[in-house]
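Novice: First the structure, which I've put down as structure tokens, then a few questions once you've had a look.
Number of protein chains: 2
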Amino acid sequence: MGGDNAPDMVIKGADIALVRYPELRFLLVGLEDRIAPLLGTLPKLKAVSTVVHAEDVITGDAKPSTALRGGKRSSMRMAIDAVADGRADCVVSAGNTGALMAMAKVVLRTMPGIERPAMAQFVPTSRGETVLLDLGANIECDAENLVQFALMGDAFARAVLGLVKPTIGLLNVGSEELKGSDAVREAHAKLRAGVPGLIYHGFVEGDDIAAGTVDVVVTDGFSGNIALKTAEGYAKLFFEFLRAAFKSSLLAKIGLIFVRPALMKLRDRLDPRRHNGAMLVGLNGIVVKSHGGSDGDGFANAIGVAHDLCSNGFLDRIKEELAALGAPTPAPSQAAPV
Amino acid sequence: MGGDNAPDMVIKGADIALVRYPELRFLLVGLEDRIAPLLGTLPKLKAVSTVVHAEDVITGDAKPSTALRGGKRSSMRMAIDAVADGRADCVVSAGNTGALMAMAKVVLRTMPGIERPAMAQFVPTSRGETVLLDLGANIECDAENLVQFALMGDAFARAVLGLVKPTIGLLNVGSEELKGSDAVREAHAKLRAGVPGLIYHGFVEGDDIAAGTVDVVVTDGFSGNIALKTAEGYAKLFFEFLRAAFKSSLLAKIGLIFVRPALMKLRDRLDPRRHNGAMLVGLNGIVVKSHGGSDGDGFANAIGVAHDLCSNGFLDRIKEELAALGAPTPAPSQAAPV
Chain A
-4 MGGDNAPDMV IKGADIALVR YPELRFLLVG LEDRIAPLLG TLPKLKAVST VVHAEDVITG
56 DAKPSTALRG GKRSSMRMAI DAVADGRADC VVSAGNTGAL MAMAKVVLRT MPGIERPAMA
116 QFVPTSRGET VLLDLGANIE CDAENLVQFA LMGDAFARAV LGLVKPTIGL LNVGSEELKG
176 SDAVREAHAK LRAGVPGLIY HGFVEGDDIA AGTVDVVVTD GFSGNIALKT AEGYAKLFFE
236 FLRAAFKSSL LAKIGLIFVR PALMKLRDRL DPRRHNGAML VGLNGIVVKS HGGSDGDGFA
296 NAIGVAHDLC SNGFLDRIKE ELAALGAPTP APSQAAPV
Chain B
-4 MGGDNAPDMV IKGADIALVR YPELRFLLVG LEDRIAPLLG TLPKLKAVST VVHAEDVITG
56 DAKPSTALRG GKRSSMRMAI DAVADGRADC VVSAGNTGAL MAMAKVVLRT MPGIERPAMA
116 QFVPTSRGET VLLDLGANIE CDAENLVQFA LMGDAFARAV LGLVKPTIGL LNVGSEELKG
176 SDAVREAHAK LRAGVPGLIY HGFVEGDDIA AGTVDVVVTD GFSGNIALKT AEGYAKLFFE
236 FLRAAFKSSL LAKIGLIFVR PALMKLRDRL DPRRHNGAML VGLNGIVVKS HGGSDGDGFA
296 NAIGVAHDLC SNGFLDRIKE ELAALGAPTP APSQAAPV
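Protein chains in written order, with the working numbering: chain A, -4 to 333; chain B, -4 to 333.
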């Protein structure tokens, strides 16, 4: 029920995703009166879907704390509950990010060894795609958080991009050892000293994101959010300037007829919808956040990210990496008899 | 002497700038043996230039503290000294940013009421240009620093863009009051409460930079540096993708013949050289930093920024705004007799 054009856009996205991944089965959680008529026109999707009625909807401006307290019968909460209960393998939502994060953290809990979940997403680069995290879940981070983000980003790149040895970079304002905040320099020292399974490249700068210098760019939620949204803003501006350029002369208008197919391909390469689907990493469950302003195609991509994370054993991979790191495992609730 | 291709690029830049601003006069500070032959081929520039021999050069990897202690006979230091002595109205350098900042701060001092200088620059937007600051001079900032950056950005936009009522935005990860770090929220409250002469828009997000939502975007040096370099990285990627698109088919290659002039204009609109010239604001003197990798055209633009700041009374404007704010003025060194 979340997002600018829900549930229509969500149902359409599920229908598109089903064509791509015929093995998908859906629990559609929300207002039955709204979902059922949409499903009536999509027999293939209807055949693989169960509607789970939820009477409440978390609004886009709800505070996370309010959503947590009062939102137990909301579509968002009930969808997360389905993952916690094992009725679903993952949840995909285009709703309120803060509420989704807060509810997912309470219901699914963080993995042993992980203090705080992070939000991760792919961005287009010169070499393909790079994972960027955190994207706003954690405004202030210490060195240990950043090291944990590196581990989670590594597992994400392996699971979704299929990389065997992803390289990790730590976002900073310069490549010299002296630069950056204490947290960044301390995390750099820890990663430099060696973390099992991780290939640490070192510091990277803002322009290394688009260059694809590394496969995973680690940063705090404040800088990550600003980097992602700055990139999205400039991608939009390029196309605006490009459109203006093609309208600027008769010659350009004629040329456009020839180059239109090539430009459509370019648009596709930079299209934010292709990169839709941020994952909340570090939880005992797969939670994917779609852009609220997404359309059906974009939402289908977010479902695709969730699908890849499930089928590539993302959660087990992170657990293994954390175990290799010697992270504490949770103590059993009672001592077993000897 | 600073930058990847100095002093050639610097001398070329001065020559280009002289065509644009015939009233310019230059002190060219550096190794005389290197500068004199270059000047020999440029009689017009030679006629308005004085070469000031400096035996040392601050290298790109020199630590600011080392440059401060040992760099008294360096071209960078002697050029700043010329501003302090009143022999020059401003200094333009493509050298080591950290060293430039440290030396300028010691030699020129910060203005009364300003704790820390900041680095400010224009970025292209949908509506024209926006001032972004700080760009890396201050990694961690408190609320008071951010408010001072707002004042300095305002004066910069008035002096160089000629805006009468620039609007100010504070960069954050969301537009809600609850978002962001303590420093950001506290600065927001101060600016919201009203600062004389400033038109405060409120929080802006990363995508508001390219959208041109406000005329001045205020942030700490870490986020600002990352936003600027991320934008530069994506501008580069965009043209890389565009070139690839035009090579992708015969049709596109034919079309390129027609659209080339329009694309050249587009390139120019996004060209980082057009936006070359970051200013160190908050000092008792005008210090402009050019990109180290700039060419002559880019360096001429940096000289243009310095020219505009001088001729539009930038320093006086900032002083007036600070005075209106009720900032403390420096106590006279001795009490005047009554």
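We put the CB at the ideal spot given by N, CA and C, even for glycine. The structure displayed is predicted, hence computed values, not measured ones.
(1) Three Cβ pairs or more, each shorter than 8 angstroms: is that satisfied between the region 66 to 77 of chain B and the region 44 to 53 of chain B?
(2) Out of curiosity, what's the CA-to-CA distance linking Ile134 of chain B and Glu181 of chain B?
(3) Report back the beta-carbon spacing between Met147 of chain B and Gly131 of chain B to the nearest angstrom; my notes put them in contact at under 8 angstroms.
(4) Start and end of the alpha helix (DSSP H) containing Glu50 of chain B?
(5) If we count Cβ pairs, one from each stretch, closer than 8 angstroms, do we get three or more for the region 99 to 111 of chain B versus the region 180 to 194 of chain B?
(6) Taking 8 angstroms as the threshold, find out whether the region 2 to 11 of chain A comes into contact with the region 290 to 310 of chain A through three or more Cβ pairs.
(7) Taking contact to mean 3 or more Cβ pairs, one atom from each stretch, closer than 8 angstroms, check whether the region 222 to 233 of chain B and the region 220 to 236 of chain A are in contact.
(8) Using the three-state DSSP reduction, which class does Ser69 of chain B fall into: helix, strand or coil?
(9) Looking at C-alpha atoms only, which residue of B:Gly277, B:Arg262, B:Cys85 and B:Ala297 is the closest neighbour of Leu317 of chain B?
(10) Would you report the Cα separation of Val300 of chain A and His270 of chain A, rounded to the nearest angstrom?
(11) Determine the direct distance from the alpha carbon of Thr92 of chain B to that of His345 of chain B, and round the result to whole angstroms.
(12) Under 8 angstroms, Cβ to Cβ, is there at least one residue of chain B near Glu338 of chain A?
(13) Residues of the region 195 to 228 of chain A with a CB closer than 8 angstroms to any CB of chain B: list them in chain order, please.
(14) With 16 as the cutoff for other CB atoms within 10 Å, does Met259 of chain B come out buried or exposed?
(15) Whole angstroms are fine: how far does the CA of Glu124 of chain B sit from the CA of Arg15 of chain A?
(16) Taking a cut of 8 angstroms between CB atoms, which residues from the region 120 to 141 of chain A lie near chain B?
(17) Look at Lys224 of chain B and Asp202 of chain A and say whether their C-beta atoms are less than 8 angstroms apart.
(18) Please name the residues in the region 227 to 241 of chain A whose beta-carbon is closer than 7 angstroms to at least one beta-carbon of chain B, in chain order.
(19) Could you name the residues that DSSP lists as bridge partners for Lys284 of chain A?
(20) Please decide whether Val276 of chain A counts as near chain B, where near means a Cβ-Cβ distance under 8 angstroms.
(21) Suppose contacts are defined by Cβ-Cβ distances below 8 angstroms. Is Val46 of chain A in contact with Glu27 of chain A by that definition?
(22) Counting contacts by CB-CB distance shorter than 8 angstroms, is Ile249 of chain B in contact with chain A?
(23) In terms of alpha-carbon separation, which member of B:Ala138, B:Ala154 and B:Ile221 lies closest to Leu179 of chain B?
(24) Counting Cβ pairs closer than 8 angstroms, one from the region 238 to 251 of chain B and one from the region 210 to 224 of chain A, do we hit at least three?
(25) Starting from Gly201 of chain A and walking both ways along the alpha helix (DSSP H), at which residues does that stretch end?
(26) Could you tell me which of B:Leu141, B:Arg262 and B:Val87 sits nearest to Phe198 of chain B, measuring between CA atoms?
(27) Since Ala273 of chain A and Gln116 of chain A are thought to touch, with beta carbons under 8 angstroms apart, how far apart are those beta carbons, to the nearest angstrom?
(28) Looking at chain A, is there any beta carbon in it that lies within less than 8 angstroms of the beta carbon of Arg383 of chain B?
(29) What is the residue span of the beta strand (DSSP E) that Val159 of chain B lies within?
(30) Measure the C-alpha to C-alpha separation of Asp149 of chain B and Ile204 of chain B and round it to an integer number of angstroms.
(31) So Gly308 of chain A contacts chain B; which residues on that side make the cut at Cβ distance below 7 angstroms?
(32) What is the DSSP secondary structure of Gly291 of chain A, reduced to helix, strand or coil?
(33) Whole angstroms are fine: how far does the CA of Tyr229 of chain B sit from the CA of Tyr229 of chain A?
(34) Any idea if Thr208 of chain B is buried or exposed, counting beta-carbon neighbours within 10 angstroms, 16 or more meaning buried?
(35) What does Leu22 of chain A pair with, by DSSP beta-bridge criteria?
(36) Output needed in chain order: residues of the region 168 to 188 of chain B with a Cβ under 9 angstroms from some Cβ in chain A.
Specialist: Answer, in terms of the structure:
(1) Counting Cβ pairs under 8 angstroms, three or more are found: they touch.
(2) Near 17 angstroms, if we compare the C-alpha coordinates of Glu181 of chain B and Ile134 of chain B.
(3) Going by Cβ atoms, the distance from Met147 of chain B to Gly131 of chain B rounds to 15 angstroms, so no, they are not a contact pair.
(4) No alpha helix (DSSP H) contains Glu50 of chain B, which DSSP labels as neither H nor E.
(5) Cβ pair count under 8 angstroms is below three, so no.
(6) yes
(7) yes
(8) It is a strand residue.
(9) Of the candidates B:Gly277, B:Arg262, B:Cys85 and B:Ala297, the one whose C-alpha sits nearest the C-alpha of Leu317 of chain B is B:Gly277.
(10) 9 angstroms
(11) Residue coverage of chain B in this structure runs from -4 to 333, which leaves residue 345 of chain B outside it and unanswerable.
(12) Outside the displayed range of chain A (-4 to 333) lies residue 338 of chain A, so it cannot be described from this structure.
(13) Glu200, Gly201, Asp202, Asp203, Ile204, Ala205, Ala206, Thr214, Gly216, Phe217, Ser218, Asn220, Ile221, Ala222, Leu223, Lys224, Thr225, Ala226, Glu227 and Gly228
(14) exposed
(15) 43 angstroms
(16) Hits within the stretch, in order: Thr120, Ser121, Gly131, Ile134 and Glu135.
(17) It is a contact, given that the beta carbons lie within the stated cut-off.
(18) Glu227, Gly228, Tyr229, Ala230, Lys231, Leu232, Phe233, Glu235, Phe236, Leu237, Ala240 and Phe241
(19) A:Ser88 and A:Ala273
(20) Put simply, the CB of Val276 of chain A is far from chain B, with every gap to its CB atoms at 8 angstroms or more.
(21) yes
(22) yes
(23) First, the residue type needs correcting, since residue 179 of chain B is Val and not Leu in the sequence shown. The candidate whose alpha carbon is nearest that of Val179 of chain B is B:Ala138.
(24) no
(25) Gly201 to Ala206
(26) B:Leu141
(27) 4 angstroms
(28) Past the boundaries of the shown model lies residue 383 of chain B; chain B is included only from -4 to 333, so the question cannot be answered.
(29) From DSSP, Val159 of chain B is part of no beta strand (DSSP E); its letter is neither H nor E.
(30) Taking the straight line from one Cα to the other gives about 16 angstroms.
(31) The premise fails here: Gly308 of chain A is roughly 31 angstroms from chain B at the closest Cβ pair, so nothing lies under 7 angstroms.
(32) Note: Gly291 of chain A maps to helix in three-state DSSP.
(33) 7 angstroms
(34) buried
(35) A:Thr45
(36) Val168, Gly169, Glu171, Leu173, Lys174, Gly175, Ser176, Asp177 and Val179
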